[in-house]
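Notes for the one structure printed next.
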Amino acid sequence: MNTIDRTRLQSLLEQEEVLFHQNHPRSFELYTRAKRSLYGGVPMLWMIRWAGSFPIFVDHAKGAHFVDVDGNEYIDFCLGDTGAMTGHSPDKTLEAIKSQAEKGITLMLPFEDVISVGEELQRRFGLPYWQFALTATDANRFALRMARFITGRPKVLVFNYCYHGSVDETFITLDNEGTPGARPNNMGPQVDPRYTTKVIEFNDIGSLEIALSSGDVAAVLTEPVMTNIGIIHPAPEFHDWLRKLTRKYGTYLIIDETHTICAGPGGYTREHNLEPDFFTIGKPIAGGVPAAVYGFTDEVANRFEALLDKDDSDVGGIGGTLAGNALSIAAMKATFEHVLTEDFYKKAIKLQEYFTAGVQEVIAEFDLPWIVKQLGNRSEYWFQPAPPKNGGEAAANIDHELDRYMHLYALNRGILMTPFHNMALISPETTTQDVDQHTAVFREAVKSLM
Ligand SMILES: Cc1ncc(COP(=O)(O)O)c(C=O)c1O
């Protein structure tokens, strides 16, 4: 099998940086100006991690494409890392937003549409009761709070290298010896996460039973398939055991479908008949307008009700003045009804299979020890010969330099991949030509390395 010449990679990366600068003078100008008012020159600090030494500034976006301030056109396979999986500004969502904006944006009072959304959530995801938040982070935080409140247990359990948004309890990892500690660069945690959280590897049923058997874990918070350290599928029967053991030890199961909604209209949960106690999701459900929801079972609702003090329910740590605002609700209703439809998934998953096959062919043509993984309308390439079983293995094999090169090479040729792990999503507007263009650029990038 072929291997990558690291010295050559370094000089190629430098060439791509030069090209990036040449093609983005206006973005650079704006970045220089932004640095005078925005810390790091970016609206969110992590944006300094994009490949390229400054971020590109967008002029406009529609469907599966966007144009930057220098007039460069891009096929967008990043799609806001799932936030715009619906395609940018889908027409029906846009209509609903415009119409609602005329009638009121936020009131802290319900509109009738919120019931339609509640009913759709019930139908789509299978749980009977729903509440709203603005971000998936908050939906997870609120579900965790409810689980701890009801069970009276102090701890939560997460899997090594998970990501569920900026939820304090989740920034914990295992070191090389398997000892838990704050995740590297965990900035100013409220408390050492070892007090709040147990962390084990995904797919490790033995450790799960040991961790739950002490009876102090309120909830397991997990994605049904890990996606944030790359796609890591559950081992056969992992979900059966996860459910059996959480029930055996009285621990709630919170499934976070924010990314795995790529698996189908009801997420991985519906595709695989999972039975979570809580279900959380955010990002694409309102077509890019901030919105998130969390649902729970009758059993959770009844136990919560028995403990709830109505007079203090607004200061109990679960809230958000703007959550459930009329604009998000209208956008959510239209997005579920017209965009994230059964029909969309059928087409998008088929096109994603075509994307995956294209990447696979290139890997085979150049005899590389790489693989491509797919989950629904999400695919990504891995620079290693076999899929990792868990977050620890995945993290140990990340090749930042190669990752950066592949990303920047594509970006310089009009293709935006999701940063940090070269993942691609298919939107309702992505075309076969878009996918062919990606395959051709991917092939050229690989060829340049040989
Ligand atoms: C699985 C998962 N849950 C939650 C979140 C947090 O979403 P947000 O940043 O919109 O709060 C993310 C973000 O990437 C995520 O991947």
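Start counting the sequence shown at 1; every next residue gets the next number (my numbering).
For glycine and all other residues, C-beta sits at the position ideal for the given N, C-alpha and C.
In the DSSP assignment, find the alpha helix (DSSP H) that holds residue i and state where it starts and stops.
i	result
Ala-394	391-396
Thr-432	432-449
Gln-15	6-23
Lys-98	91-103
Asp-204	Element bounds for Asp-204: n/a, residue is neither H nor E.
Could you check how far apart the C-beta atoms of residue i and residue j are, in whole angstroms? I think they sit under 8 Å.
i	j	result
Asp-59	His-24	Between His-24 and Asp-59 the Cβ distance is about 12 Å, and since that is not below 8 Å, they are no contact.
Glu-223	Arg-243	In fact, because the Cβ distance is near 15 Å, the residues do not count as touching under 8 Å.
Thr-335	Gly-264	Actually they are not in contact, since the Cβ atoms of Thr-335 and Gly-264 sit about 16 Å apart, beyond 8 Å.
His-21	Ala-61	Going by Cβ atoms, the distance from His-21 to Ala-61 rounds to 23 Å, so no, they are not a contact pair.
Val-217	Thr-251	5 Å
Gly-392	Tyr-161	7 Å
Asn-377	Ile-426	4 Å
Lys-198	Leu-157	5 Å
DSSP on residue i, reduced to helix/strand/coil?
i	result
Ile-115	helix
Trp-46	helix
Ser-379	strand
Val-339	helix
Tyr-252	strand
Lys-35	coil
Pro-180	strand
Asn-302	helix
Phe-142	helix
Val-79	According to the sequence as given, residue 79 is Leu; it is not Val. If DSSP states are grouped into helix, strand and coil, Leu-79 belongs with the helices.
Leu-221	strand
Asp-277	coil
Glu-237	coil
Leu-109	coil
Ile-210	helix
His-272	coil
Glu-361	helix
Leu-451	Residue 451 lies beyond the stretch modelled for the chain, which goes from 1 to 450, so this question has no answer here.
Gln-190	coil
Asp-367	coil
Thr-356	helix
Asp-28	First, the residue type needs correcting, since residue 28 is Phe and not Asp in the sequence shown. In the structure shown, Phe-28 sits in a helix (DSSP, three-state: H, G or I).
Asp-314	helix
Phe-420	coil
Tyr-163	coil
Using the Cβ count rule (16 or more neighbours within 10 Å means buried), how would you classify residue i?
i	result
His-65	buried
Gly-83	buried
Tyr-39	exposed
Lys-346	exposed
Arg-49	exposed
Ile-172	buried
Met-187	exposed
Val-191	exposed
Tyr-381	buried
Tyr-195	exposed
Asn-273	exposed
Ser-213	exposed
Gly-215	exposed
Met-108	exposed
Lys-447	exposed
Lys-35	exposed
From what residue to what residue does the beta strand (DSSP E) around residue i run?
i	result
Phe-159	155-159
Leu-174	172-174
Met-423	423-425
Ile-200	197-200
Lys-62	58-62
Ala-330	Here Ala-330 belongs to no beta strand (DSSP E); instead the alpha helix (DSSP H) covers 326-334.
Asp-68	65-68
Tyr-129	129-133
Ala-51	From DSSP, Ala-51 is part of no beta strand (DSSP E); its letter is neither H nor E.
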